[in-house]
Structures are given as structure tokens and as C-alpha cells.
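Per full-length UniProt numbering, residue 1 is the first one in the sequence shown, and the count goes up by one each step.
Each residue gets a CB set at the ideal place from its N, CA and C atoms; glycine is no exception.
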Amino acid sequence: MKAAVCATYGPPDVVHEADVDTPVPGPNQILVRVHAATVTAADRAFRSGTPRYARLFTGLRRPKKSVLGTEFAGEVSAVGAAVTRYTVGDKVFGATDLGLGAHAEYVCVEEDGALAPLPTGLGYAEAVTLVDGTALVFLRDHGKLHSGQSILINGASGSVGVHAVQLARYFGADITAVCSGAGAELVARLGADRVIDYTRTDFTKEGRTYDVIFDVAGASSYGRCRRLLKPGGRYLTTVPSLAIMAQARWTAMAGSRRAVIAFTGLRPVAAKAKDLALVKELAEAGRIVPVIDQTLPLARIADAYRHLDRQGKRGTTVLELP
């Protein structure tokens, strides 16, 4: 089968299309013919090996897994002898957990993993954009966001940001979205009450305060945002650093304002499966919608990574496999 192979850490060009063995499903596994996969910030970190301490998990000298990618949508091609929930031909979407391997024509996943039938009315490329549970976990579990609260989402037009805006609307919060001017119309349509163009306005100097600040891409910091938090407020970021890890630890012990960093990809598979079921339900009810920034074929995987590094992205970068 064709796959995007990454044998060494480095820039986008270290990833290339190559022929590899097609995986064979075990007794409790499903072989999925992948029709769409995402290229995410996590994939970029696995490819580049940065931050360097992440290599303790990804491989010290080179990637442990040469085929990256966790989020996929496709059709069941074969099932293991003990599989009962899925049959050949079923359309599914989900995540491979820490096994990676979704940037390929076929991927094996566990029957009881983060896997669900494709949401009704959505195609493969649309469905795969909804797999990532980062925004849901941060807002619901770590931000404790609820109706009547206020939230600022910094990086609101990116792949995680567009989910965060829609989920914040679902939770009933008042939403201030920070993005480039090019993404303003999009995030307003998705539910933002206010939009700040970061190229024109520094949101940290506005004087407003919030219950939750979700710094999606780590473009700001807890130090800059602390005075914008209401008592009991929480600053959330997806980007690990020594500073945020220290701040998360000491703010958990003293004061009412919290700094929070979480690694959503490490949560239990059962939790991921439950969240995927919720996302499917919300998508079918029209409460959240897919936002695709760009689609590219597998052969252009390096271009997909280069696009991911650009400013002003609006939604998710998707690989499409025929």
C-alpha cells in the first residue's frame, strides 16, 4: 500500500510517499481503507521531534513510528475473527490512538477503540475534521465552561479553534474570538459574539476579563493573560513548555486563577470513544459543522505540512485518498 513515511526528524520534506506492507488485522481489529486523514499540529511535532523532550515518547534519534497520522475516515475492508460490531463495507471514522499509521491507504484499529460509524450526511473528508477531541476536553473538562460564562479563544480560526468556537456556543458561553481578519467572517458565522483581529488589536490591552482563556496555539502566555482572568478563571493552552508546566503546578496550589496544560491524546481510549460518540451526535444534530481549510492528495504530504505552518489557516488540513 501507499503511505507517507517519515524515517527521520526534520522539516516537511523528510516525509514522502512510499510503498509499505499492508497491515493485517488481529482477532479484535478492523482494517480500514482510509479515504481521508488529517494533518495536525501533533503530527508536525512527531515529524519534527520538537519540543525535544517529546522524543522521550516519539523516539530519541528517529521516529518510532514511520507512518504518522491518528485521525481517519474510511471504509471497513476486513475484520478480525472476533469482531462483532462492524462488517466489511461499513463507513467509519475515528483515531488510531498512539499507534499512529493513518497517513496510509490502510490502517488497523481496535474494534473497541475510538471508532464510530460515519455521521449521517457527512462525507469522509468532512467527518475526519471532527475526530479531534482537543477542544472538547479542554473546554468541558479543564475549563469547566458552562452557560453564562465568558471565554476568549486565541487562534479561533484554526483546526482546534473552529471546534472550540462551536463547542463554546453549545455550552452557552459568551465568545470572544481572536484570529486574523481573513478568518473573522468564519468564526462569527460559527458562533463568536465578538471577533478581534490580532493584526490590529492586542487583546491583552483591551481591559476585558474572562472566565476562560483558551490559547489554542500557545501564541500568548499565562503571564500576559493572568490579569485578564476573572477570579477563579482558567488559562488553557495546548502547547507544552517548561514555563506552563511550572505555572500549572503552582497555580493549582495557590490563588484562584489557574494555568492549565493537558495532553488530550494520552487520555484513555474509552474516554476518546465516548467523546467521539458525542461529536457524532452533535454533528448529526447540526450543532457542530466541519471546516476544511485545504485538501491534498497523499503524494503531497510535504505540502500539507508546509501549509500547516502558515499563518491565517481556517479549519483543518485534510489528506484525501481515493
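- Comparing alpha-carbon positions, the option among S256, F57, W250 and R140 lying closest to G233 turns out to be S256.
- When the alpha-carbon of A135 is set against those of L308, L321 and K272, the nearest one is in K272.
- Shortest Cα-Cα distance from F171 to any of P63, D112, H146 and K280 involves H146.
- In the three-state scheme derived from DSSP, where H, G and I count as helix and E and B as strand, S220 is classed as coil.
- Note that the segment 82-93 does not touch the segment 51-66; fewer than 3 beta-carbon pairs, one per stretch, sit closer than 8 angstroms.
- Taking a cut-off of 8 angstroms on C-beta distances, the segment 22-37 touches the segment 90-110, as three or more cross pairs fall below it.
- Beta-carbon to beta-carbon, L319 and G94 are separated by about 16 angstroms, too far to satisfy the 8 angstroms threshold.
- For the set K91, V212, S159 and V291, the Cα lying nearest the Cα of D174 is the one of V212.
- Rounded to whole angstroms, the separation of the alpha carbons of Y235 and G143 is 8 angstroms.
- As the crow flies, the alpha-carbon of A156 is around 44 angstroms from that of A81.
- In the three-state reduction of the DSSP assignment, G59 falls in the coil class.
- Note on the segment 31-57: whole alpha helix (DSSP H) runs with a minimum of 4 residues are 41-48, in chain order.
- For A283, the uninterrupted alpha helix (DSSP H) run begins and ends at V269 to E284, by DSSP.
- Its chain contains V162, V165, Q166, R169, V289 and V291 as the residues whose beta carbon lies nearer than 8 angstroms to that of L190, once the 5 sequence neighbours on both sides are disregarded; these appear in chain order.
- The straight-line gap separating the alpha-carbon atoms of V79 and T317 is approximately 29 angstroms.
- Counting along the chain, the unbroken alpha helix (DSSP H) around R249 starts and ends at L242 to M253.
- Taking the Cβ atoms as the reference, T70 lies roughly 18 angstroms from T50, outside the contact range of under 8 angstroms.
- In this structure, the straight-line span from the alpha carbon of F263 to that of L60 is close to 20 angstroms.
- Considering only D141, F72 and G10, the residue with the shortest C-alpha distance to G113 is F72.
- Around the beta carbon of T120, fewer than 16 other beta carbons sit within 10 angstroms, so the residue counts as exposed.
- Under the DSSP assignment, G161 falls in the alpha helix (DSSP H) whose first and last residues are S159 to F171.
- By the neighbour-count definition (other C-beta atoms within 10 Å, threshold 16), R314 is a buried residue.
- Taking 9 angstroms as the cut-off, the Cβ atoms of A192 and T176 count as close.
- Taking 9 angstroms as the cut-off, the beta carbon of T237 is found closer than this to the beta carbon of V216.
- Beta-bridge partners of F72 (DSSP): A37 and G94.
- At the C-beta level, L308 and H103 stay beyond 9 angstroms of one another.
- A residue is called buried once 16 or more other Cβ atoms fall within 10 Å of its Cβ, and A246, having fewer, is exposed.
- Relative to T204, the option among C225, D197, L186 and A219 whose CA is nearest is C225.
- Rounded to whole angstroms, the separation of the alpha carbons of C179 and A304 is 21 angstroms.
- With 16 or more other Cβ atoms from the protein chains shown falling within 10 Å of its own Cβ, F138 counts as buried.
- Counting C-beta atoms within 10 angstroms of its own C-beta, E126 has 16 or more neighbours from the protein chains shown and is therefore classed as buried.
- Taking a 10 Å sphere around the C-beta of T8, we find fewer than 16 other C-beta atoms and assign the residue as exposed.
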